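Novice: Pasting a structure here, questions to come.
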Amino acid sequence: MGYIEFHGVTKRYVNGYEALRDVSVEFAAGSMTFLTGHSGAGKSTFLRLLLRMEEATRGQILVNGVNITQLKSSRLPYYRRHVGAVFQDHHLLAGRSVFDNVATPLRVIGMPEKDIGRRVRAALTRVGLLEKERLLPLHLSTGEQQRVGIARAVVNRPNILLADEPTGNLDPDLSRNIMSLFEQFNQIGTTVIVASHDRELIQGTGKRIIELAAGRVVTDSGDGKVAEVSLPPSTMPHPGVQEVAGGQR
Amino acid sequence: MARGNEDPFPVAQERGGPVGWARDHLRVMREAWHYVSERFSSSLLVWLLVGIALALPAGLYLLEKNLEDMSAAWDGRPGLSVYLNLDVESGVAEQLASRLRSEAGVATVVTTLPEEALEEFQTHTGLGDALDMLPGNPLPASIRVTLEGGATPADLDRVAASVAGEPDIHEVVLEKTWLARVRDISEVVSRLSLVLAILFGVGAVLVTASSVRLAVEARLEELRVQKLVGATNAQIRRPFLYFGAIYGAGGALVALMLISTTLLVIEAPLVSLFSSYGSELELIGFDPFFLLAVLLTGTVLGVCGAVISAGQRAFELEIH
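Residue numbers (this note's numbering), protein chains in the order written: chain A, 1 to 249; chain B, 1001 to 1320.
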């Protein structure tokens, strides 16, 4: 579980803006990949399509062979239970304790409270926040809040872990710490896709890096091909942007 | 690249089975009660609004039931009263009573002589002293005739006609007039309570719906997160259905308290009114079945309001 395929995926908004253009790419189960590119390149849209928070305008997104763009809304929740998501702004519940925040996905699947306690504490131990389980998110630093978000994303042991700019508000040390957490989860077989514009952070990790620009894949280190495309500084789609043949499968 | 026929996102397995489902309901019920009790003052307002909306049609239903009962009771023993002239001898009254007894369909005939009428009047009204000041007994002899059960108004007319025109008779009063009035009032109350039940029922649904809507809006972020981590629409709706049920059931309890209080307030004058007609106050309908029906109606209306309010919202929620 965790094998992902994008086939000719395009996302066009009602105002005509194309956030993704005919993107085709594959992710092996248990792989770790960084999506990079300037702001507006399509990284977030890529992840949101994978979470089915948005609908693709064209193309197919297969997860373990199931086309999730065709997934009935009644089955969507069961798909999402296999996907953990981390956001730059955490989306933590301000009125709930750290424990309750992390426990949310487990309560959704109807896990017994005693098992929830064990699983939540294991996840909090993993992110180094066990001693803060009773605190409200408000009482945590930004880095700690992000780690709570990660604990919530992985507590259900998802097959796929998606992170959208998880280090956006963090200093370099904390960012490296967060990235190493993702690597740890990847090592236990989780397919991890991290969207980040921080090239310094992701370079040298030895992981696959896909660069997006104007909604297209321009480089993909996973297949050893690097695009030689001159990109406009603008984040808007540009007719001159060439599609990278090597990025397609 | 499907892995054979295996479903990678199985539904049944993820539901946690019936035990998981029941556990989730129990947890949500506790949370809903906690949420409502934490906001007691605003919840009390909702309960009062729903309670008032339910109390009126429920009270009218009780009134209608009692009027029907009174009407049915009179229907079983229709009768007439014959009032004689003041100067009639007691023997005349007995003769007329005998004639009435011989009529077909007559069940009982009771003669009240002027002295007996005076005594009853003094006993029931306490105006004995005032009557003592009168030169004579102002009350006539009377004959009370009751027909057998199932007698029709035509039977009543026939019996009345058998003595009508007698020179010693001052007036014949048929009880069917009262019966018709009670029936008419009962019919009006019945229709009125139906209309009010619909109007106030819709009111109760709207009150609950708007209260639940506020609860939904207050928990939007939480619902979005739940949806993101795989909560189904049913799970998203669930706490709000419990809110609706709690608001509705609480409102029904308030309605029952209002009706009970009203009955207590009007009990004394009602007892007096009934005793003046020579009968005892016997309120029917305020029984366990009625209590259960009001509670159930309130709960169902509350849940309906919640379904309307939370149902559509559950489909719209996504983190943006």
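Cβ coordinates follow ideal geometry from the N, Cα and C atoms, glycine included. Please read all numbers here as calculations on a predicted model, not as lab measurements.
1. Whose Cβ in chain A lies nearer than 9 angstroms to the Cβ of Arg1023 of chain B?
2. Output yes if chain A places a C-beta closer than 9 angstroms to the C-beta of Arg1237 of chain B; else output no.
3. Find the residues of chain B that neighbour His91 of chain A, judging by a C-beta separation of less than 8 angstroms, and give them in chain order.
4. Pick out whichever of B:Ala1151, B:Ser1041, B:Ala1204 and B:Tyr1061 has its Cα sitting closest to the Cα of Val1303 of chain B.
5. Suppose contacts are defined by Cβ-Cβ distances below 9 angstroms. Is Val1216 of chain B in contact with Ser1309 of chain B by that definition?
6. What are the boundary residues of the alpha helix (DSSP H) that includes Lys1227 of chain B?
7. What is the rounded straight-line gap between the Cα of His90 of chain A and the Cα of Lys1227 of chain B?
8. In three-state DSSP terms, what is Gly224 of chain A?
9. Counting contacts by CB-CB distance shorter than 9 angstroms, is Arg118 of chain A in contact with chain B?
10. Take Thr1208 of chain B as the anchor and find which of B:Pro1018, B:Glu1115, B:Thr1299 and B:Asn1066 has the nearest alpha-carbon.
11. For Leu1060 of chain B, which residues of its own chain have a beta-carbon under 7 angstroms away from its beta-carbon, when the five flanking residues on both sides are left out?
12. Based on the DSSP secondary-structure assignment, which residues constitute the bridge partners of Leu47 of chain A?
13. With a cut-off of 8 angstroms on the beta carbons, I'd call Asp220 of chain A and Ser44 of chain A a contact; round off their distance for me.
14. According to DSSP, Arg58 of chain A sits in a beta bridge with which residue or residues?
15. Compute the Euclidean distance between the alpha carbons of Val1088 of chain B and Glu1166 of chain B, then round it to the nearest angstrom.
16. Using beta carbons (cut-off 9 angstroms, strictly below), is Ala151 of chain A in contact with chain B?
17. Using only the alpha-carbon positions, how far apart do Val1254 of chain B and Gly1311 of chain B sit?
18. With a threshold of 16 other CB atoms inside 10 Å of the CB of Met1133 of chain B, please say whether the residue is buried or exposed.
19. Quick check: what's the CA-CA separation for Val218 of chain A versus Ala56 of chain A?
20. Quick check on Ile1236 of chain B: does DSSP put it in helix, strand or coil?
21. What residues in the stretch 1231-1259 of chain B have a beta carbon less than 7 angstroms from any beta carbon of chain A?
22. Could you tell me the boundaries of the beta strand (DSSP E) in which Val23 of chain A lies?
23. Give me whichever residues DSSP pairs with Ser1081 of chain B in a beta bridge.
24. Could you name the residues of the stretch 1024-1055 of chain B whose beta carbon sits closer than 8 angstroms to any beta carbon of chain A, in the order they occur along the chain?
25. Could you list which residues in chain A have their beta carbon closer than 9 angstroms to that of Gly1020 of chain B, in chain order?
26. Starting from Thr125 of chain A, follow the alpha helix (DSSP H) in both directions and report where the run begins and ends.
27. Does the beta carbon of Tyr78 of chain A sit closer than 9 angstroms to a beta carbon anywhere in chain B?
28. Roughly how far, in whole angstroms, is the beta-carbon of Val1202 of chain B from the beta-carbon of Ser1142 of chain B, given that I think they are within contact range, below 8 angstroms?
29. Quick one: what does DSSP say Ile209 of chain A is sitting in, helix, strand or coil?
30. Over the uninterrupted alpha helix (DSSP H) stretch that includes Ala163 of chain A, give me the two end residues.
31. By the criterion of Cβ-Cβ separation under 7 angstroms, what are the contact partners of Thr104 of chain A in chain B?
32. Using a Cβ-Cβ distance cut-off of 9 angstroms, determine whether Ala122 of chain A contacts chain B.
33. Do Pro137 of chain A and Leu92 of chain A count as a contact pair if the criterion is CB distance below 9 angstroms?
34. Any beta-carbon of chain B closer than 9 angstroms to the one on Asn186 of chain A?
35. Mind checking if Arg126 of chain A is an interface residue toward chain B, Cβ cutoff 9 angstroms exclusive?
36. Of the choices A:Ala41, A:Gln88 and A:Asn177, whose alpha-carbon is the least far from that of Ser126 of chain A?
Specialist: Reading off the structure:
1. Neighbours of Arg1023 of chain B on chain A, chain order: Gly110, Met111, Pro112 and Glu113.
2. No, no contact with chain A.
3. Correct list: Glu1221, Arg1224, Val1225, Leu1228 and Ile1319.
4. Checking every option, the nearest Cα to that of Val1303 of chain B belongs to B:Ala1204.
5. It is a contact, given that the beta carbons lie within the stated cut-off.
6. Start and end: Leu1220 to Leu1228.
7. Straight-line measurement puts the Cα of Lys1227 of chain B at about 15 angstroms from the Cα of His90 of chain A.
8. Summary for Gly224 of chain A: the model assigns pLDDT 42, below 50, so the residue's position carries little reliability, and this model does not support an answer.
9. Not one chain B Cβ lies under 9 angstroms of Arg118 of chain A.
10. For the residues B:Pro1018, B:Glu1115, B:Thr1299 and B:Asn1066, the minimum Cα distance to Thr1208 of chain B belongs to B:Thr1299.
11. Close CB contacts of Leu1060 of chain B within its chain, under the 7 angstroms cut and outside five residues either way in sequence, are with Val1189, Leu1192, Ser1193 and Leu1196 (chain order).
12. None; Leu47 of chain A has no bridge partner.
13. Cβ atoms of Asp220 of chain A and Ser44 of chain A stay farther apart than 8 angstroms, at about 18 angstroms.
14. In the DSSP output, where bridge partners are listed per residue, Arg58 of chain A has A:Thr10.
15. Distance between the alpha carbons of Val1088 of chain B and Glu1166 of chain B: 12 angstroms.
16. Taking Cβ atoms only, chain B never reaches closer than 9 angstroms to Ala151 of chain A, which makes this a no.
17. So the two alpha carbons sit approximately 27 angstroms from each other.
18. Exposed, because fewer than 16 other Cβ atoms sit within 10 Å of the Cβ of Met1133 of chain B.
19. Computed Cα separation, rounded: 20 angstroms.
20. Judged by DSSP in its simplified three-state form, Ile1236 of chain B adopts helix.
21. Considering only beta carbons, the part of the stretch 1231-1259 of chain B lying closer than 7 angstroms to chain A consists of Ala1231, Thr1232 and Gln1235, in chain order.
22. Boundaries of the beta strand (DSSP E) around Val23 of chain A: Glu18 to Phe27.
23. Answer is B:Arg1144 and B:Val1173.
24. Those residues of the stretch 1024-1055 of chain B that come within reach of chain A (Cβ to Cβ, closer than 8 angstroms) are Asp1024 and Arg1027.
25. Ile109, Gly110, Met111 and Pro112, listed in chain order.
26. It spans Glu113 to Arg126 - the alpha helix (DSSP H) in which Thr125 of chain A sits, taken as one unbroken run.
27. Yes, Tyr78 of chain A lies at the interface with chain B (some Cβ there is under 9 angstroms from its Cβ).
28. Their Cβ separation, rounded to whole angstroms, is 52 angstroms, which puts Val1202 of chain B and Ser1142 of chain B out of contact at 8 angstroms.
29. Look at Ile209 of chain A here: in three-state DSSP terms it is strand.
30. Segment Ile160 to Asp164 is the beta strand (DSSP E) holding Ala163 of chain A; no alpha helix (DSSP H) there.
31. Within chain B, the residues whose beta carbon sits less than 7 angstroms from that of Thr104 of chain A are Val1225, Gln1226 and Val1229, listed in sequence order.
32. With its beta carbon at least 9 angstroms from every one in chain B, Ala122 of chain A lies outside the interface.
33. It is a contact, given that the beta carbons lie within the stated cut-off.
34. Chain B contact via Cβ: absent.
35. Taking 9 angstroms as the CB threshold, Arg126 of chain A stays off the interface with chain B.
36. Per the sequence shown, the amino acid found at residue 126 of chain A is Arg instead of Ser. Closest by alpha carbon: A:Asn177.
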